[in-house]
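Residue numbers (the numbering used here): 1 to 205.
C-beta atoms are modelled at their ideal positions from N, C-alpha and C, and glycine is treated no differently.
The model shown is predicted, which means the values in this text are computed figures rather than measured ones.
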């Protein structure tokens with residue numbers, strides 16, 4: 001099995017990083033705005049419901065934000081084919097969007113398809129040799145999010161690329177994000193430029 005290395009992925013995804021980050025950030029913020037607009041709904045909204053709302057916003061935003069890249073032919077998009085939004089980048093990557101659990105793993109219902117994807121076995125007909133499933137994921141403490149793109153093999157993250165914010169945005173750590181300012185706004189946490197490596201996977205990353 002030949003999976004995309006972290007360096008190759010960083011190069012391939014570089015033009016799309018702000019798009020991916022924006023989709024995740026804006027979908028989370030839209031969910032927060034929706035809850036804030038209805039006090040009762042905001043109080044009773046469960047973690048599962050929030051994840052579903054964010055997912056629906058992601059599904060709506062992905063084809064919009066990738067429209068220019070789709071028009072150029074560099075990217076293709078499908079929802080109907082997979083049952084969830086998938087971006088094919090140059091036939092080398094199938095990128096899906098997921099909430100990550102506290103261990104940094106995709107929050108999946110363990111269907112046969114999801115298990116196959118997690119083990120890099122489900123290639124459909126979109127990949128050439130060396131194609132890799134990647135996850136654009138977000139983790140949340142209920143107030144703010146951190147986001148990244150990761151390559152998984154089973155329950156192991158082979159590598160993770162943090163999605164960076166613009167350098168001119170003032171930020172605070174996620175564990176301090178609950179300290180809201182007078183405008184009731186919370187800035188998202190700064191994410192460092194160093195990526196994580198899993199050194200004991202035996203995989204060349």
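- Between residue 117 and the set 135, 100 and 104, the nearest pair of CA atoms involves 135.
- Only residues of its own chain outside the window of five on either side were considered, and among them 35 have a CB closer than 7 angstroms to the CB of residue 41, listed in chain order.
- If you ignore the 5 residues before and after residue 108, its C-beta comes within less than 6 angstroms of the C-beta of 114, all in its own chain and listed in chain order.
- In this structure, the CA atom of residue 77 is about 15 angstroms from the CA atom of residue 13.
- Assignment of residue 77 by DSSP, reduced to helix, strand and coil, places it in the strand class.
- Rounded to the nearest angstrom, the gap between the Cα atoms of residue 95 and residue 150 is 10 angstroms.
- Residue 147 sits away from residue 161, with the two beta carbons spaced by 7 angstroms or more.
- The beta-carbon separation of residue 62 and residue 97, rounded to 7 angstroms, stays under the 8 angstroms limit for a contact.
- Counting of Cβ neighbours within 10 angstroms places residue 32 among the buried residues, the total reaching 16 or more.
- The three-state secondary structure of residue 139, taken from DSSP, is strand.
- In this structure residue 51 touches residue 99 by the C-beta definition: roughly 5 angstroms separates them, less than 8 angstroms.
- Residue burial is scored here from C-beta neighbours: residue 24 has at least 16 other C-beta atoms within 10 angstroms and is therefore classed as buried.
- Under DSSP, residue 93 takes part in a beta bridge, and its partners are 89 and 132.
- It is roughly 11 angstroms from the alpha-carbon of residue 17 to the alpha-carbon of residue 66.
- Sorting 20, 8, 46 and 68 by C-alpha distance to the C-alpha of residue 142 places 46 at the top.
- Boundaries of the alpha helix (DSSP H) harbouring residue 117: 112-118, taken from the DSSP string.
- In the same chain as residue 105, and ignoring 5 residues on each side of it, the C-beta atoms closer than 7 angstroms to its own belong to 155, in chain order.
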